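One structure is given below, encoded as structure tokens.
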Amino acid sequence: MSESKGKIAVLTSGGDAPGMNAAIRAVVRTGITRGYEVYGVRHGYNGILKREMKLMQYEDVSEKLQHGGTFLFTARSAEFYEIEGKKKAAAICKELGIESLIVIGGDGSFSGAKVLSTFGVNIIGIPGTIDLDIAYTDYTIGFDTAVNTAMEAIDRLRETSNSHERCSVVEVMGRSAGYIALWCGIANGAEEILLPEKYNNNIDQLVARIKRNREKGMTHQVIVNAEGVGHSEELAERIEKETGIETRATILGHLQRGGSPTARDRVYASMMGAYAIDLIDRGSKNRLIGYKDGKLYDVDVEEAFKMTKGIDEYEYEIARLLGSRD
Ligand code: F6P
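If you count the sequence shown from 1, you need to add 34 to reach my numbering.
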């Protein structure tokens with residue numbers, strides 16, 4: 035057997051996202067093929083601190099691609115959150131000869147990785163979060179699946195809402211970002227879309243619009259409310275009280291995080307996993323992988339954290355125009 039080119043570890047961190055397994059599979063298989071030893075770390079950063087790592091073989095990632103979740107498990111590590119935890123993790127990587135760590139996760143996981151890189155571990159980030167709230171990239175693993183899951187649920191909700199001529203407030207995930215809500219808003223033809231980036235908290239205005247739209251012939255209304263706005267139960271009660279229209283609140287919750295990944299999530303996650311290995315193979319250090327202008331790219335971790343992004347104004351305007359007669 036030819037000599038190994040070095041040791042690489044891979045972990046998933048933060049909230050799980052459908053497609054993470056596809057990314058791990060690609061990391062393992064591309065890594066082995068390019069001549070590396072690839073270690074799977076269980077339970078996120080906790081797994082480094084507790085040395086829960088396993089040398090992965092090609093067949094260890096069979097039958098994983100089509101499943102949601104992450105077979106490496108994930109966690110939000112309190113110990114790693116502290117600077118001492120990060121120093122300890124870097125020391126363990128050094129002791130075990132792990133030169134590069136591939137982190138599949140969201141913003142929080144990447145900010146931990148950024149600090150870890152200052153202690154000498156080469157970190158490569160793959161964006162994995164249903165929230166799409168990472169500034170340097172237009173795509174994150176799991177968003178597509180989560181939006182499709184939420185969209186199907188909201189289609190169902192609309193049928194019953196329509197039959198009863200009700201108003202439905204449906205809350206979708208996204209933490210403090212409104213991307214899932216905006217996409218569902220357009221995909222489900224929502225009559226109202228409440229995004230943390232846009233909503234002015236003016237319930238009187240919202241109620242007035244609901245009333246005007248009823249007067250103009252709407253028989254029912256679906257209000258997609260982002261988690262970052264929240265208070266869906268309260269909002270439903272208030273709408274019912276002030277409009278006299280029967281109103282129900284539904285919080286979709288964690289069901290949005292599960293399920294078999296869409297083709298898009300499987301393909302992009304696989305490509306990003308392979309790309310991570312090829313970055314390491316080219317000698318790149320401390321890069322985050324993203325998707326922009328129709329292709330994969332990578333950016334320095336420090337630069338990535340200086341970037342910002344927001345809700346697309348045109349998408350938001352059209353979403354509102356299409357859903358309201360106001
Ligand atoms: O970041 C993904 C996400 O699902 C958010 O949309 C949500 O706010 C959060 O994680 C929920 O976290 P937990 O699974 O810890 O309740």
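No residue lacks a Cβ here, since even glycine has one placed at the ideal position from N, Cα and C.
In this text the structure is predicted, and so the values were computed from the model without any measurement.
Restricting attention to Ala112, Ser358, Thr67 and Ile323, the CA atom closest to the CA of Ala242 is found in Ser358. Looking at the DSSP output, Ala283 shares a beta bridge with Val203. Considering only Ala125, Gly103, Arg246 and Arg200, the residue with the shortest C-alpha distance to Phe177 is Gly103. For Tyr70, the closest alpha carbon among the candidates Asp50, Asn80, Tyr79 and Lys41 is that of Lys41. DSSP places Gln239 in the helix class (H, G or I) of the three-state scheme. Between the beta-carbon of Gly212 and that of Gly142 there is about 18 Å, and that puts the pair past the 8 Å contact cut. Under the three-state reduction of DSSP, Gln91 is assigned to coil, being neither helix nor strand. Under the rule that a run must span 4 or more residues, the alpha helix (DSSP H) segments found entirely inside the region 152-208 read 177-197.
For Asp346, the CB stays at least 7 Å from every heavy atom of ligand 1. Shown here, Val256 sits in a strand according to DSSP, grouped into three states. Annotation: the region 277-324 contains the following complete segments of the beta strand (DSSP E) (minimum length 3 residues), in chain order: 281-285. Put simply, the backbone Cα of Glu274 is about 9 Å away from that of Arg200.
Checking the DSSP bridge columns, you'll see Ile227 partnered with Val258. Leaving aside the five residues that flank Lys121 on each side, the residues in its chain whose CB is nearer than 7 Å to its CB run, in chain order, Phe153. At the C-beta level, Thr64 and Ala303 stay beyond 8 Å of one another. Straight-line spacing of the CA atoms in Glu116 and Met90 works out to 29 Å.
The C-beta of Thr296 has 16 or more other C-beta atoms within 10 Å across all chains shown, which makes the residue buried. Judged by DSSP in its simplified three-state form, Thr67 adopts helix. As far as DSSP is concerned, Thr104 takes part in no beta bridge.
Scanning its chain for C-beta atoms nearer than 6 Å, with the 5 sequence neighbours on each side dropped, one finds around Ala60 the residues Ser304, Gly307 and Ala308, in chain order. Tyr331 carries a strand assignment under DSSP once its states are collapsed to helix, strand and coil.
In chain order, Ala43, Val155 and Ile157 place their CB closer than 6 Å to the CB of Leu135, counting only its own chain and leaving out the 5 sequence neighbours on each side.
By the CB criterion at 8 Å, Ile175 and Gly53 fall inside the cutoff.
Look at which beta carbons fall closer than 6 Å to any heavy atom of ligand 1; those residues are Gly49, Gly140, Thr163, Ile164, Asp165, Met207, Gly208, Arg209, Glu261 and Arg291.
Closest by C-alpha distance to Ser145, out of Ala353, Ile168, Ile311 and Leu130, is Ile168.
Short of 6 Å from the beta carbon of Lys148, and not among the five residues preceding or following it, lie these beta carbons of its own chain, in chain order: Val335. Exclusion of the five residues before and after Ser151 leaves Ile157, Asn320 and Val335 as the residues of its chain whose Cβ lies within less than 7 Å of its Cβ. When secondary structure is reduced to three states using DSSP, Tyr73 falls in the strand class. Counting only the Cα atoms, Met207 lies some 7 Å from Asp165. Of the candidates Tyr325, Val204, Tyr92 and Arg85, Val204 places its Cα closest to the Cα of Gly264. If you draw a straight line from the Cα of Thr46 to the Cα of Gly140, it comes to about 9 Å. Here Thr277 has Cys201, Val241, Ile244, Lys245 and Arg248 as same chain residues with Cβ atoms under 8 Å from its own Cβ, once five neighbours each way along the sequence are excluded. For a cut-off of 8 Å, the C-beta gap from Phe107 to Arg76 is around 5 Å, short enough to register as a contact. Residue pairing by DSSP places Val44 opposite Gly74 and Ile136 in a beta bridge.
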